[in-house]
Amino acid sequence: MSGPLIATTFLQGESFIYVLYIIAFGLFIQGLRGLSGPTTAVRGNRIAAVGMAIAVIATLLIPGESNWGLIVLGVGLGVAVGVPAARQVKMTAMPQMVALFNGVGGGAVALISWVEFRGHGSTYGSHTVVRTFEVGPFVEHAVVHTGALPTYVAIFSVFAAIVGSISFWGSNIAFGKLQEILPGRPITLGRAQQIVNLVLLVLALAAGADLVAGAHSEPLFIGMLLVAALLGNAVVLPIGGADMPVVISLLNAFTGLSAAATGMALNNPALIVAGMIVGASGSILTNLMAKAMNRSIPSIVAGGFGGGGAVEGATGAGAHDGTVRSTSAADAAIQLAYASRVVVVPGYGMAVAQAQHAVRELTKELEARGVEVSYAIHPVAGRMPGHMNVLLAEADVPYDQLKEMDDANPEFQRADVSLVIGANDVTNPAAKNTPSSPIYGMPILEVADSRSVIVIKRSMNPGFAGIENELYFDPKTSMLFGDAKSAVSEITAELAAL
Amino acid sequence: MMLASVLTTNLAILVLAGFIGFVVISKVPNTLHTPLMSGTNAIHGIVLLGGLLLLGLPELGAFSKALLVIAVVFGTINVVGGFLVTDRMLDMFKSRPKPKQDEDGAPADGKAGSDGKAGT
């Protein structure tokens, strides 16, 4: 690194890399814009992928890259694992796949921070700064600053380590719950939970502050990673399965932010831009999901609902003395066959039973008989917003039959039959009528407005919120008990036999 | 002075990128939130670059190298898996409404062809 000639070539290389990064940003933004419409989404995703390829190539072009064998090994292994995983995952299992991909991203951030810390002599010392700044685009600054690492680099690095570790472990727990390796119900320490979480957070921050202040101890860094790991577990374990989408989305935003922090520490604009865009978008998405469920993000993270909500719900259930009318597949088939408009309300139960193809068969049969069919999709139906749409699209349901809540609600008044398949809380009129209900104020699908309602459900067990659903006691509602898939198939068979 | 400019430049990039994220994302319809989440999930796989940058350095210890190889594996899984899964999800949206769109060449052509046949 001596002589103006070499410096010039170096800088030329740097600006070329910078140009490639800028092109990549443009493609990311264009890609995300594309993802905002159903007709442009596929292209948008591919544009973003091209942007990522350009960013990776630009990084590999940075002068002085070595260890090519290990780079090829790492990327090769990643492709060998990632491609089959993404290709083979069933669409119903997709939320946990997203959780897993999110988790490994967080894990990568934590590991990178660890290596940054290790530098030479296990400290944020002088060597790290030279090396870090040499690999970043601002090579000229490397020469200027060979002294101690600036405090801000240490701060961002420690932030990335803590958040990355939380995201990795939290996402793995979310994956375990959705994949049903772990029980989906909340696992909680009760009242101590919040204190434990707080203590873990304080411990992680204290260790981080110590490291930023110049503590020369790798065990302390590892301890910080472990405490953050415990925190990730402690935060996600108490959260019930139905809240998981919000949590995954939150962790997605976290990973984005930690990637941006890594970019600040490594002085790499590609990481800053892409990470921050994800951080911002993830926050919005998390907020939208939480709003649709009438939950606040703090209360989800604090594990609040499982305790208080269930108790209130239980008392509400005891107070109910109405009767429930159950029906048979044959009766349901007749009811549907003589309807002119049917609205299907799919829910979590349909997703779990993987009944989307059976539902599509049923609606095809109905359409063949001249029944007008549409689908009412609650924003949080399924396991993530839009998840139900993905499942139904997989079963070849025409896109224009899928109605979002605001468009669907006026349709119920015109509907002869609403067919509720495995949806519960999102149809509960208590959200509108009972101010004391824990779900009061949550926007619902106004199924009760239709002339009659058929509910397919496994049992009378209350839904996630632990609240009895008044809809089931409505005189115009009939219940068809059974697994969503087999119940729907039975109705289809009865219809065909009519 | 120079250092401050590096920090402030990067902070400016950080803040602006945040605003872009808000503006671009807030227009997305509810229906596309899962694919969008999956797509943004793939984009934060950009951390792969951090792993590549550090792994590319000479004179790394064996343990650091091992950590970085794992980081690169993780980052690659995040990127490749994320984009592929998003693509699969979106393909399902695309297949049905597409024939009605004039945007894509192939289905429109197909329609025109069949119309022509019907005419003759």
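Chain order of the listed sequences is A and B.
So for the first sequence, the numbering used here puts the first residue at 1; every next one is plus one.
So for the second sequence, the numbering used here puts the first residue at 1; every next one is plus one.
Using N, Cα and C, we set each Cβ at its ideal position, and we do this for glycine too.
- For A/Phe473, there is no enclosing alpha helix (DSSP H), as DSSP gives it neither H nor E.
- Classified as exposed, A/Ala213 has fewer than 16 neighbouring CB atoms from the shown chains inside 10 Å of its CB.
- A/Gly82 has its alpha-carbon roughly 19 Å from the corresponding atom of B/Leu36.
- Per DSSP, A/Met388 has no beta bridge partner at all.
- Within the same chain, Cβ atoms closer than 6 Å to the Cβ of A/Gln179 are found at Gln96, the five residues on either side in sequence being excluded.
- Around the C-beta of A/Tyr338, fewer than 16 other C-beta atoms lie within 10 Å, and the residue is accordingly described as exposed.
- In summary, no residue of the segment 201-217 of chain A has a CB separated from any CB of chain B by less than 7 Å.
- Straight across, the Cα-Cα distance linking A/Arg46 with A/Val79 is about 17 Å.
- Taking 8 Å as the threshold, the shortest C-beta distance from B/Ala62 to chain A does not fall below it.
- Contact of B/Thr8 with chain A is not assigned, every C-beta pair being separated by 8 Å or more.
- Note: A/Val79 is not bridge-paired with any residue in the DSSP secondary-structure output.
- Apart from sequence neighbours up to five positions away, the residues of its chain that approach A/Glu404 with a beta-carbon distance below 7 Å are Ile377, ordered along the chain.
- According to DSSP, A/Tyr375 shares a beta bridge with A/Val344, A/Leu402.
- Here the alpha carbon of A/Leu225 sits roughly 44 Å from the alpha carbon of A/Ala430.
- Counting of Cβ neighbours within 10 angstroms places B/Thr8 among the exposed residues, the total staying below 16.
- Between the beta-carbon of A/Thr262 and that of A/Asn102 there is about 15 Å, and that puts the pair past the 8 Å contact cut.
- Beta-bridge pairing by DSSP links A/Phe481 to A/Lys457.
- For A/His387, the nearest CB of chain B lies under 8 Å from its own CB, placing it at the interface with that chain.
- Here B/Leu52 has Val72 as same chain residues with Cβ atoms under 7 Å from its own Cβ, once five neighbours each way along the sequence are excluded.
- C-alpha of A/Leu495 to C-alpha of A/Gly482: approximately 18 Å in a straight line.
- In the structure shown, A/Ser452 falls within a strand segment according to DSSP collapsed to helix, strand and coil.
- Note that the C-beta distance between A/Ile71 and B/Gly56 is below 8 Å.
- Residues of the segment 462-491 of chain A that bring their beta carbon within less than 8 Å of a beta carbon in chain B are absent altogether.
- When the alpha-carbon of A/Ser283 is set against those of B/Phe19, B/Leu68, B/Val85, B/Gly50, the nearest one is in B/Phe19.
- The alpha helix (DSSP H) runs lying completely inside the segment 17-88 of chain B and spanning 4 residues or more are 33-43, 47-55, 62-76, given in chain order.
- Three or more beta-carbon pairs separated by less than 8 Å are not found between the segment 260-277 of chain A and the segment 60-69 of chain B, which leaves the two stretches without contact.
- Taken through DSSP and simplified to helix, strand or coil, A/Val89 comes out as coil.
- Cα atoms of A/Val56 and B/Leu48: separation of roughly 8 Å, rounded to the nearest angstrom.
- The contact set of A/Trp169 on chain B, defined by CB atoms closer than 7 Å, is empty, because the minimum CB distance reaches about 13 Å.
- Our two residues, A/Ile248 and A/Leu402, have alpha carbons roughly 25 Å apart in a direct line.
- For a cut-off of 8 Å, the C-beta gap from A/Phe412 to A/Glu372 is around 13 Å, too long to register as a contact.
- Residue state for B/Leu14 is assigned as helix, using DSSP reduced to three classes.
- By the Cβ-count criterion, A/Gly370 is exposed, with fewer than 16 other Cβ atoms from all chains shown falling within 10 Å of its own Cβ.
- Per DSSP, A/Val98 lies in no beta strand (DSSP E); the unbroken alpha helix (DSSP H) holding it starts and ends at 94-118.
- Within chain B, the residues whose beta carbon sits less than 8 Å from that of A/Pro269 are Asn10, Ile13, listed in sequence order.
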